[in-house]
Amino acid sequence: MTTRTEQAASFEELHGRVLDGALGPDPRTLRIAVAFTTRQAVRHDGRGGGYRNEVFSLRLAEAVGSCAVEPGALPDGAIDDCVGADVARLLRHDLTPVRIAALDAYLMHAMPHTSRHGARPVALAAGDSLRKSRARAASVAGLLDLAPGRTVLVVGVVNSLLEDLRSRGLRYVPCDLKGGTTEWGEPIATDALARLADCDAVLASGMTLGNGTFEPLREHALRHGRQLVMFAQTGSAILPRLIGAGVTAVCAEPYPFFWLDGGPGTIHCYGGAP
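According to the UniProt record's numbering, the sequence shown holds residues 1 to 274 in order.
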């Protein structure tokens, strides 16, 4: 069971507590062994469109911390800069993805996804990428406590997630910095903060940590008493520590992600209904 001392009131407070060694080992004594990127392009069978992902990851002992980046945006030297570096230095790195991945790796090492730290494991059965995507979407949407007819702001469009919300009778406002349209031809908004007042709850990707939009979402949820459910490959070990400080629940998915392997896997749910 997670304890109050493991939680933080904001991302900045969490970051500072880790730097101070208040949540585990002194980060100056821990070094990153491996840094790597994972690039993916996907177009699920039966879907009209596809997308690309790129994720920057750091390995600390048994733990891997990750932060999604825009494809091609990460400087070539970032990986070399991180290998062998101590975690404290990387927590102060100039590049946001490096800081996020370092914090994620540290917290994954200090507070792994176990029941002791508040996690509930959810098995993902083996299957193709679309089947596993839908299974994850069901777990994410299941963390919401909303009656049919309510509206959800979805920040970081995942068509399987929209599909699941539709099946529950929930309305949604899809939002993504890339814009475009959903699988069903619906326009995708690009300014999530401008649509907050239109929605009863928020489902947001951990990618918001990397692009600077997370804190405004958290503050809005806290101020207005709205549900904020996070689905997190980026920052899967970071976001559970912010439950109770605006974050309502988290579906945490550490590396390796469901789209990398057709075999069985596990995601971890925090908060929400058991």
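For every residue, glycine included, the Cβ atom is placed at its ideal position computed from N, Cα and C.
No experiment lies behind these values; they were computed from the predicted model shown.
Note to self: According to DSSP, Thr5 sits in a beta bridge with which residue or residues?
What the structure shows: Per DSSP, none; premise fails for Thr5.
Notebook entry, point to check: Which partner residues does Arg59 have in the DSSP bridge list?
Noted result: Val34 and Val64
Notebook entry, point to check: Got a sec: is the Cβ-Cβ distance from Phe36 to anything in chain D below 7 Å?
Noted result: Of the protein chains in this structure there is only one, and it is not chain D.
Margin query: So if DSSP puts His268 in a beta bridge, which residue, or which two residues, is it bridged to?
Written below: Pro121 and Ala252
Note to self: Quick test of your reading: Thr37 and Val55, contact by CB under 8 Å. State the CB separation rounded to the nearest angstrom.
What the structure shows: 7 Å
Next item on the list: Would you kindly check if the distance between the Cβ of Leu193 and the Cβ of Ala204 is under 7 Å?
Entry: no
Margin query: Considering Cα atoms alone, identify which of Ile238, Arg195 and Gly265 is closest to Gly206.
Written below: Ile238
Item checked: Buried versus exposed, by CB contacts within 10 Å (16 or more), Met1 -> Confidence at Met1 is low in this model, with a pLDDT of 45, below 50, so the placement of that residue is unreliable and no value is reported for it.
Item checked: DSSP-derived helix/strand/coil call for Ile238 -> coil
Check: Would you report the Cα separation of Gln40 and Arg223, rounded to the nearest angstrom?
Finding: 37 Å
Next item on the list: Select from Val140, Arg166 and Ser133 the residue whose C-alpha is nearest the C-alpha of Val42.
Entry: Ser133
Next item on the list: May I ask you to report which of helix, strand or coil DSSP gives Glu54?
Entry: strand
Notebook entry, point to check: Leaving out five residues before and five after Ala22 in sequence, what residues of the same chain have Cβ atoms less than 8 Å from its Cβ?
Noted result: none
Margin query: Is it the case that the stretch 88–106 contacts the stretch 55–70, given that we only count it when at least three CB pairs across the two stretches are under 8 Å?
Written below: yes
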